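Just so you know, we're using the numbering used here here: the sequence shown kicks off at 5 and counts up by one.
Cβ coordinates follow ideal geometry from the N, Cα and C atoms, glycine included.
Predicted, not measured: the structure shown is a model, and the values here were computed from it.
Data block below; observations after.
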Amino acid sequence: MTKVQVYNTMTQKKEEFIPREPGKVSIYVCGVTPYADTHLGHARPTVVWDVIKRFFRMLGYETFHVTNFTDVDDKIIARALEEGVSALEISKRYIAEYLASMDALGVERADVYPKVSEHMPEIIELVEKLVEKGNAYVANGDVFFHVASFPEYGKLSKQRLEELREGTRFEVDPAKRDAADFALWKEAKPEEPAWESPWGEGRPGWHIECSAMSLKYLGESFDFHGGGNDLVFPHHENEIAQSEAATGSELARYWVHNGMVNLKDTKMSKSIGNVIAVRELLKRYPAELLRFYLLSAHYRSALEYYEGKLEEVGKGWTRLNDAVRNLKLDLERAEETELTDFDRETMEGLARFEEEFIAALADDFNTAMAFGVLFDVVREVNGYKHQKGRTRQVLQKAYEILQKFAGDILGVLREEAGQDSGLVEALMELLLELRQELRKQKNFALADQIRDQLAGLGVTVEDTPEGPRWKV
């Protein structure tokens, strides 16, 4: 099986992926806090992990993926009070909006989407365990995790506790034993949702939810923990502390963090208000182009967005899609013949590109490098056709590579719309045949009129030595 190298935030180096259970990959990715529209910053990790799962399955692994919804949160409560509805009504609305946006982007759903509101027994049980073990303490209806009780605190973010105390503005609370301690359970406040607990009515703190839910669905230890690099501290650091203090086991073997989507050098964030909603972008651009953009840089790099950015990256995306579409047309005209030395040489080159694509994704899921390989395939097959290569076997090989990798793995090929697409194809072929006949009859004015009217509809007709081609 192909060896996969993964950059682990914990060790700050690439490591060979060795699953805890042979042939299986277990994944926990921190999800959204559903109180506003889904934006590009949410879409990036979701699309990245969609590709990672597809890649592992291509290699023969089974995957099990959990992504949570933080549906009990200060921001949700504030939005609910503002609108005069329940907090769960707000979260339900935006969970549906998130799932619809990701469905539209062609993202395969996670195996489980646990919600905080539906896992109070598991959360309370975990907090009780931490109190019993001396890692947490009760103070006036609140429960805090005592970071000094976990000597390895700071191992993910590479910060010492003393440095954290000096350089970080922790929440001020006189009930805390240490400024760095964080809430596991919060005492109920007026007009806020609350649940019964051994410490009185209240609700969980932010970090405990992920520990409780990953423990329930993935066990004490699992392979991958993912999320944006803004979660390294404090969320993931706190998650490690409370989980490993409770179980005595390593929480996750590989910590994978994606870079932010930035709008004018500022992280896209709902709290700031500088967000680009996915559903609004999908009204203007194809979903596959959005995926192409989100995967165009290595997942650990920051990704810039500005007006016109999708038009820029759209040039490459269109070129890739046109290449696949033209190959399909060529295949319909090509014949299966005995391979020449030139054909065999081209086939060998295409096979090398297959290996290079797999090697690119096996090198820390480098989608940017993988796209480079796909454009090498396009150049190779275009060069082959330019040299009058028309053997069906060669064209079929190139078509299958692009369909498999650009379509099945990266999900950036624009899908045809079934019978409607077939009808459009047939009508366009009919129009092009009519135009060719007009040109043969030297009726260039009418032939040009057909071309110009199609251009007005957004369809470009190109006359090539192999015959006319069209594209949207």
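Cβ-based burial, residue i [other Cβ within 10 Å; buried from 16]
| i | result |
| --- | --- |
| Gln16 | exposed |
| Pro194 | exposed |
| Trp474 | buried |
| Pro38 | buried |
| Glu460 | Position check: residue 460 holds Gly in this sequence, whereas Glu was assumed. So Gly460 counts as exposed. |
| Ala355 | exposed |
| Phe480 | What the structure shows of the chain is the stretch from 5 to 476, and residue 480 is not part of that stretch, so it cannot be assessed. |
| Met264 | buried |
| Val51 | buried |
| Lys401 | buried |
| Pro49 | buried |
| Ser30 | buried |
| Lys389 | buried |
| Glu340 | exposed |
| Trp210 | buried |
Distance, residue j Cα to residue i Cα
| i | j | result |
| --- | --- | --- |
| Ala153 | Phe228 | It is worth fixing the name first, because residue 153 is Ser in this sequence and not Ala. Approximately 26 Å between the Cα atoms of the pair. |
| Met432 | Leu458 | 10 Å |
| Asp424 | Ala430 | Residue placement at Asp424 is poorly supported in this model, since its pLDDT is 44, which falls under 50; the coordinates still yield a value, given next. Rounded to the nearest angstrom, the two C-alpha atoms are 10 Å apart. |
| Ala82 | Pro155 | 36 Å |
| Val142 | Glu243 | 19 Å |
| Glu87 | Tyr98 | 14 Å |
| Ile80 | Met124 | 17 Å |
| Glu248 | Lys180 | 21 Å |
| Gly110 | Ala91 | 29 Å |
| Glu132 | Gly411 | 48 Å |
| Glu196 | Asp77 | 10 Å |
| Leu436 | Pro26 | 55 Å |
| Glu200 | Gly206 | 7 Å |
| Asn139 | Trp189 | 14 Å |
| Glu129 | Ala187 | 15 Å |
| Thr350 | Leu378 | 15 Å |
| Gly145 | Pro208 | 12 Å |
| Trp53 | Lys408 | 18 Å |
| Ala364 | Asp75 | 37 Å |
| Glu419 | Glu359 | 25 Å |
| Arg304 | Leu293 | 20 Å |
| Glu93 | Phe375 | 41 Å |
| Glu136 | Asn278 | 44 Å |
| Val463 | Lys96 | 42 Å |
| Arg323 | Asn386 | 12 Å |
| Thr468 | Ile405 | 24 Å |
| Thr270 | Lys332 | 42 Å |
Neighbourhood of residue i by C-beta distance below 7 Å, restricted to the same chain and skipping five residues each side
| i | result |
| --- | --- |
| Asn12 | Glu19, Tyr258, Trp259 |
| Thr71 | Val33, Gly35, Ala114, Tyr117 |
| Ala291 | Ala108, Leu109, Gly110 |
| Glu336 | none |
| Glu224 | Thr251, Ser253 |
Sequence-distant residues of the same chain with beta carbon closer than 8 Å to residue i, five excluded per side
| i | result |
| --- | --- |
| Leu165 | Val151, Ala152, Tyr157, Gly158, Ala184 |
| Arg439 | Ala451, Ile454, Arg455, Val465, Pro472 |
| Thr42 | Val36, Tyr98, Glu101, Tyr102, Ser105, Met106, Ala281, Val282, Arg283 |
| Arg443 | Ala451 |
| Leu160 | Thr13, Met14, Val236, Phe237, His240, Glu241, Ile244, Trp259 |
Cβ neighbours of residue i in the same chain (closer than 6 Å, five flanking residues each side left out)
| i | result |
| --- | --- |
| Val8 | Phe21, Ala366 |
| Ala192 | Ala198, Glu205, Gly206 |
| Ala327 | Val382 |
| Glu126 | Ala216, Lys220 |
Are the region 338–350 and the region 387–395 in contact at 8 Å, needing three or more beta carbon pairs?
Judged by Cβ distances under 8 Å, the region 338–350 makes contact with the region 387–395, as three or more pairs qualify.
Output the residue ranges of the alpha helix (DSSP H) runs that lie fully inside the region 202–246 and measure 4 residues or longer, sorted by chain position.
Taking only runs of at least 4 residues, the alpha helix (DSSP H) segments lying wholly in the region 202–246 are 212–222.
Check whether the region 116–125 touches the region 207–224, counting contact only when three or more Cβ pairs, one atom from each stretch, lie closer than 8 Å.
Result yes; three or more Cβ-Cβ pairs closer than 8 Å.
Quick check: the region 291–298 against the region 307–314, are there 3 or more CB pairs under 8 Å?
A contact exists between the region 291–298 and the region 307–314.
Ignoring anything shorter than 4 residues, give me the alpha helix (DSSP H) runs that lie fully in the region 355–436, in order along the chain.
As summarised for the region 355–436, the continuous alpha helix (DSSP H) elements at least 4 residues long and confined to that stretch are 371–390, 396–406, given in chain order.
Any contact of the region 45–63 with the region 366–383, i.e. 3+ C-beta pairs under 8 Å?
The region 45–63 vs the region 366–383: in contact.
Along the chain, which unbroken stretches of the alpha helix (DSSP H) at least 4 residues long are found entirely within the region 445–469?
Counting only runs of 4 or more, we get 448–460.
Jot down the residue ranges of each uninterrupted alpha helix (DSSP H) in the region 91–146, minimum 4 residues, whole runs only, in chain order.
Counting only runs of 4 or more, we get 91–108, 124–136.
List, from N- to C-terminal side, the alpha helix (DSSP H) runs of 4 residues or more that fit wholly inside the region 37–79.
Counting whole runs of 4 or more residues, the region 37–79 contains the alpha helix (DSSP H) stretches 44–62.
4-residue-minimum alpha helix (DSSP H) runs that sit fully inside the region 271–354, ordered along the chain:
For secondary structure counted as the alpha helix (DSSP H) over 4 or more consecutive residues, the region 271–354 holds these complete runs in sequence order: 282–285, 291–298, 313–337.
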